[in-house]
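**Q**
2 protein chains.
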Amino acid sequence: MDNDVDNSCIVKHFKSYATLDEKDQQLLLSLEEGPRAWPKNTILWHQNDQSDCFYTLSKGWACSFRELKDGTRQVLDIYVPGDIVGLREFSFQKRITSVIMLNDAELCAFPRHHLDHIFSSSLMLCNIMFMITSRDQAILLERLVNLGRRSAREKLAHFLVEISYRLQRTNARVEDHLSLPLSQSVLGDALGLSAVHVSRTFQEFRREGLLKTGNSHLELLDIRGLEAVAGFDAFYLEPPISDSRS
Amino acid sequence: MDNDVDNSCIVKHFKSYATLDEKDQQLLLSLEEGPRAWPKNTILWHQNDQSDCFYTLSKGWACSFRELKDGTRQVLDIYVPGDIVGLREFSFQKRITSVIMLNDAELCAFPRHHLDHIFSSSLMLCNIMFMITSRDQAILLERLVNLGRRSAREKLAHFLVEISYRLQRTNARVEDHLSLPLSQSVLGDALGLSAVHVSRTFQEFRREGLLKTGNSHLELLDIRGLEAVAGFDAFYLEPPISDSRS
DNA sequence: GACAAGAGATAACCTAGGTTATAGGGGCGT
DNA sequence: ACGCCCCTATAACCTAGGTTATCTCTTGTC
């Protein structure tokens, strides 16, 4: 059962980019380790740790961050179920970020040296790897725009809408309403805002009926409304070109 | 002469990551087009253009940016001689950024579909491709930290020091003093600052003997001093692991 | 079930950096 | 040689968002 192709985190993820033939699926499957539980707030790795594998997040949420000397923190990315964590650090011997669980989560490890098998035996998988990192970069670029040129209201709205789009990709059941396990300080640290100001801004959003706030947890009530606040354009999340080069 | 491996932009770039055997060098060489001149301020491509190749910047400087509806601009990256431009957009059919020349420049095109040859015939080249995108991502991550959590002084100092490191990589002759073709408004747009505030901050830096300002052009006089202002740590530029997996 | 620790709301106050305006200088096209 | 435009400097003024401080409400722990 556990060896079933349909249960594999990484096979599922790769399939969302292009169709895989049986051989590729088996190859991926054989190289991935089974899922393991990681409770909320545990550190998956620290900056400077040896970097020898990446993970697929089969359940739960996580985020990567960097701590500065002055004690502040910059959250670099948020990972939702189905995401690949750590591909970024691929060619560094040591991790260049830290990753923490936002949630009770479950991860499947994928030893990095197994990538050799992939590169040498499947052009398709190799291409998909590039698609994944490419989409990843596109998200980072948009985050730069967000941090550099938008107001607090826009930053928050944009970030939340982006996450809702990313959730839709692998977790089908999202319409116009969904809830995220994100505290206000995580959001502040992701967007270069203070937690206090996130709270202030959420008060406005609440009054406008855009969302509800809970405890380390918030509920988006009106995603279209948030898109309007952010001036959101999803072009940068568009599914990358698929098998045109296969 | 033009077909000489030692003159090829892309061969030079790839060699800075790992040693290439003769076959790999010839392969790269055969797939790259000769250099072509691009005068200052010309647009290499616009957002939404068809994306069918990337380039190596053999001479001159360029930057990628995105324009927002409100007329502001976010500069996403600055390219120095030797850099690869456009690898980011690899798996998007349309460009997701625009690129403009900061300088009279010279570029070699590399048609994207040629990557198939590379992936299928050389494990080494495939690995180097990943190293390049990986380092690229590391730079973006650090830029996020810069935009999210640092003061204007720190942002500017950090950015300038980073560029001086990147210059050293492919352009050997940089000691403690070098000059960059960057206007204050480009810097502002890259760092989420107003051009006015860049000017104010440069006035301080000038008084402190850190740099000299010119016309669309500035000269770093004391790189160590700037590193101190920024609290700079070059770990994220460290040469990625090389042929450990070859 | 008590307590400590984290998460959020809200208010008062403050400052880094944005905005607008003016003016001078250099490079470039004709 | 003229004129234009872009780049830069600098000053006066203003505001978005940071900081600090309290209080409350959860939640996880022993």
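The listed protein sequences correspond, in order, to chains H and F.
FYI, the numbering for the first sequence is 20 to 265, going by our numbering.
FYI, the numbering for the second sequence is 20 to 265, going by our numbering.
Glycine included, each C-beta is placed from N, C-alpha and C at the ideal position.
Can you check whether the C-beta of Glu181(H) is within less than 8 Å of a C-beta belonging to chain F?
**A** On the first sequence, residue 181(H) is found 162 positions in, with the first residue counted as 1. No - not a single Cβ of chain F is within 8 Å of the one on Glu181(H).
**Q** Where does Ile62(F) land, buried or exposed, given buried means 16+ other C-beta within 10 angstroms?
**A** Here the question's residue 62(F) lines up with position 43 in the second sequence. Result: exposed.
**Q** Since Thr91(F) meets chain H, which of its residues come closer than 8 Å, beta carbon to beta carbon?
**A** If you number the second sequence from 1, residue 91(F) lands on position 72. Under the 8 Å cutoff, chain H gives Arg168.
**Q** Would the stretch 100-107 of chain H and the stretch 166-181 of chain H be scored as touching if the rule is three or more Cβ pairs under 8 Å?
**A** No, the stretch 100-107 of chain H does not touch the stretch 166-181 of chain H.
**Q** Can you tell me the Cβ-Cβ gap for Leu175(F) and Leu206(F), rounded? I've got them flagged as a contact below 8 Å.
**A** For this step, residue 175(F) is matched to residue 156 along the second sequence. For this step, residue 206(F) is matched to residue 187 along the second sequence. Confirmed, Cβ separation roughly 7 Å.
**Q** What is the DSSP secondary structure of Ile126(F), reduced to helix, strand or coil?
**A** The count along the second sequence starts at 1 and reaches residue 126(F) at position 107. Here residue 126(F) is Leu; the residue named in the question, Ile, does not match the sequence. In the structure shown, Leu126(F) sits in a strand (DSSP, three-state: E or B).
**Q** Please decide whether Arg162(H) counts as near chain F, where near means a Cβ-Cβ distance under 8 Å.
**A** Counting from 1 along the first sequence, the entry for residue 162(H) is found at position 143. True, the Cβ-Cβ gap to chain F drops below 8 Å.
**Q** Buried or exposed: where does Asn234(H) fall if 16 or more other Cβ atoms within 10 Å of its Cβ makes it buried?
**A** As a working mapping, residue 234(H) is identified with position 215 in the first sequence. Looking at its Cβ environment, which holds fewer than 16 other Cβ atoms inside 10 Å, Asn234(H) is exposed.
**Q** Taking only runs of the alpha helix (DSSP H) that begin and end inside the stretch 171-254 of chain H, which ones reach a length of at least 4 residues, in chain order?
**A** Listed in chain order, they are 171-189, 203-210, 214-226 and 242-249.
**Q** What are the residues that DSSP puts in a beta bridge with Arg92(F)?
**A** In the second sequence, the residue the question calls residue 92(F) occupies position 73. In DSSP, Arg92(F) forms a bridge with Glu86(F).
**Q** Leaving aside the five residues before and after Gln203(F) along the sequence, list all residues of the same chain whose C-beta is less than 6 Å from its C-beta, in chain order.
**A** Taking the second sequence and counting its residues from 1, the one referred to as residue 203(F) is at position 184. For Gln203(F), where only same-chain residues beyond five positions count, the Cβ hits under 6 Å are Ala214, Val217 and Ser218.
**Q** Per DSSP, Tyr98(F) forms a beta bridge with which residues?
**A** Indexing the second sequence from 1 puts residue 98(F) at position 79. Paired residues: Ala81(F).
**Q** Going along the chain, which residues of its own chain have a beta-carbon closer than 6 Å to the beta-carbon of Ala128(F), five neighbours each way excluded?
**A** Here residue 128(F) refers to the residue found at position 109 when the second sequence is read from its first residue. Cβ neighbours of Ala128(F) beyond the five flanking positions: Glu52, Cys72 and Tyr74.
**Q** Kindly list, in the order they appear in chain F, the residues whose Cβ is closer than 9 Å to that of Thr38(H).
**A** Along the first sequence, read from residue 1 onward, the residue named residue 38(H) stands at position 19. Near Thr38(H) there are no residues of chain F at all, since even the closest Cβ is about 16 Å away, more than 9 Å.
**Q** Pick from Glu125(F), Val99(F) and Asp208(F): whose alpha carbon is nearest that of Arg55(F)?
**A** Translated into the one-based positions of the second sequence, residue 55(F) becomes position 36. Closest option to Arg55(F), Cα to Cα, is Glu125(F).
**Q** With a threshold of 16 other CB atoms inside 10 Å of the CB of Asn67(H), please say whether the residue is buried or exposed.
**A** Locating residue 67(H) in the first sequence gives position 48, where the first residue counts as 1. Exposed: under 16 other Cβ atoms inside 10 Å.
**Q** Is the Cβ of Thr152(F) closer than 8 Å to any Cβ of chain H?
**A** Within the second sequence, residue 152(F) is the residue found at index 133, counting from 1. At least one chain H Cβ lies under 8 Å of Thr152(F).
**Q** Considering only the alpha carbon of each residue, which of Glu161(H), His236(H), Lys231(H) and Thr189(H) lies closest to Ala249(H)?
**A** Taking the first residue of the first sequence as 1, we reach residue 249(H) at position 230. The option with the nearest alpha carbon to Ala249(H) is Glu161(H).
**Q** Pull up the CB-CB distance for Leu144(H) and Asp43(H), whole angstroms please, since I reckon it's below 8 Å.
**A** Residue mapping note: residue 144(H) aligns to position 125 of the first sequence, counting from 1. Residue mapping note: residue 43(H) aligns to position 24 of the first sequence, counting from 1. So it is a contact: roughly 6 Å between Cβ atoms.
**Q** Determine the direct distance from the alpha carbon of Arg226(F) to that of His267(F), and round the result to whole angstroms.
**A** This structure cannot speak to residue 267(F), because chain F is shown only from 20 to 265.
**Q** Can you check DSSP and say which residues form a bridge with Leu76(F)?
**A** Locating residue 76(F) in the second sequence gives position 57, counting from the first residue. DSSP, once it has assigned bridges, lists Leu126(F) as partnering Leu76(F).
**Q** Use the C-beta contact count for Gln69(H): other C-beta atoms within 10 angstroms, 16 or more gives buried, fewer gives exposed.
**A** As a working mapping, residue 69(H) is identified with position 50 in the first sequence. Label assigned to Gln69(H): exposed.
**Q** From the DSSP output, in three-state form, read off Asp262(H) for me.
**A** For the purposes of this step, residue 262(H) is taken as the residue at position 243 of the first sequence. Low per-residue confidence applies at Asp262(H): pLDDT is 47, beneath 50, and the placement is therefore not dependable, though the value from the model is reported in the following sentence. Helix.
**Q** How far does the beta strand (DSSP E) with Leu63(H) in it reach, from first residue to last?
**A** By 1-based counting over the first sequence, the position of residue 63(H) is 44. Here the beta strand (DSSP E) through Leu63(H) covers Ile62 to Trp64.
**Q** Taking only beta-carbon atoms, is Gln156(F) less than 8 Å away from chain H?
**A** Numbered from 1 along the second sequence, position 137 holds the residue referred to as residue 156(F). True, the Cβ-Cβ gap to chain H drops below 8 Å.
**Q** Can you tell me whether Ser263(F) is buried or exposed? The criterion is at least 16 other CB atoms within 10 Å of its CB, across all chains shown.
**A** Residue 263(F) sits at position 244 when you count from the first residue of the second sequence. Bear in mind that a pLDDT of 46 at Ser263(F), under 50, signals an unreliable position, so the number given afterwards is only what the model happens to contain. Ser263(F) is exposed by the Cβ-count criterion.
**Q** Whose C-alpha, out of His65(F), Thr220(F) and Gln156(F), is nearest the C-alpha of Glu86(F)?
**A** As a position in the second sequence, residue 86(F) is number 67, starting the count at 1. The residue with the shortest Cα to Cα distance from Glu86(F) is His65(F).
**Q** Cβ of Cys145(H) less than 8 Å from any chain F Cβ?
**A** Reading the first sequence from its first residue, position 126 is the one you call residue 145(H). Yes, contact with chain F.
**Q** From Ile151(H) to Leu186(H), what distance separates their C-alpha atoms?
**A** Looking up residue 151(H) in the first sequence gives position 132. Looking up residue 186(H) in the first sequence gives position 167. Their Cα atoms are separated by approximately 16 Å.
**Q** Could you work out which residues of chain H lie near Arg85(F), taking near to mean beta carbons separated by less than 8 Å?
**A** Counting from one through the second sequence, the residue named residue 85(F) turns up at place 66. Within 8 Å Cβ-Cβ: Leu160 and Val164.
**Q** What residues of chain F sit near Leu95(H), judged by a beta carbon separation below 7 Å?
**A** If you number the first sequence from 1, residue 95(H) lands on position 76. Those are Leu160 and Leu163, listed as they occur along chain F.
**Q** Is DSSP giving Arg55(H) helix, strand or coil here?
**A** Taking the first residue of the first sequence as 1, we reach residue 55(H) at position 36. Strand at Arg55(H).
**Q** For Leu50(H), which residues of its own chain have a beta-carbon under 7 Å away from its beta-carbon, when the five flanking residues on both sides are left out?
**A** Walking along the first sequence from the start, residue 50(H) turns up at place 31. Same-chain partners within the cutoff: Phe129, His133 and His136.
**Q** Buried or exposed: where does Thr220(F) fall if 16 or more other Cβ atoms within 10 Å of its Cβ makes it buried?
**A** The residue labelled residue 220(F) in the question sits at position 201 within the second sequence. Result: buried.
**Q** When the Cα of Cys82(F) is compared with those of Asp89(F), Lys88(F), Thr91(F) and Lys59(F), which residue comes out closest?
**A** Residue mapping note: residue 82(F) aligns to position 63 of the second sequence, counting from 1. Of the listed residues, the one whose Cα sits closest to Cys82(F) is Lys59(F).
**Q** Tell me the residue span of the beta strand (DSSP E) that contains Ile119(H).
**A** Position 100 of the first sequence, counted from the first residue, corresponds to residue 119(H). First-last of the beta strand (DSSP E) with Ile119(H): Ser117 to Met120.
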